[in-house]
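Chemist: Here it is, the structure, as structure tokens.
In this note's numbering, the protein residues as written are 5 to 57.
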């Protein structure tokens, strides 16, 4: 089961998580669902930590 670190959405099907994004923030691995990834794309590209979103 994969969980989005931003909204808490969970997905058991690994094939559906292929569109999710990952990041490392302060040495911690983070996973974001496709919805959150699309919604916060500019902040991610600007390398802002998720606390700033």
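For glycine and all other residues, C-beta sits at the position ideal for the given N, C-alpha and C.
Taking 6 Å as the limit between beta carbons, can you name the residues of its chain near residue 27, skipping five residues before and five after?
Modeler: Taken in chain order, the residues that qualify are 34.
Chemist: Assign residue 40 to one of two classes, buried (16 or more other C-beta atoms within 10 Å of its C-beta) or exposed (fewer than that).
Modeler: It is buried - the Cβ of residue 40 has at least 16 other Cβ atoms within 10 Å.
Chemist: Would you mind working out which of 8, 47, 46 and 54 sits nearest residue 20, comparing C-alpha positions?
Modeler: Among 8, 47, 46 and 54, the Cα nearest to that of residue 20 is on 8.
Chemist: Taking C-alpha atoms, which residue in 42, 51, 38 and 6 lies nearest to residue 23?
Modeler: Looking at the Cα atoms, 38 is the closest of the given residues.
Chemist: Would you mind working out which of 10, 6 and 5 sits nearest residue 48, comparing C-alpha positions?
Modeler: Of the listed residues, the one whose Cα sits closest to residue 48 is 10.
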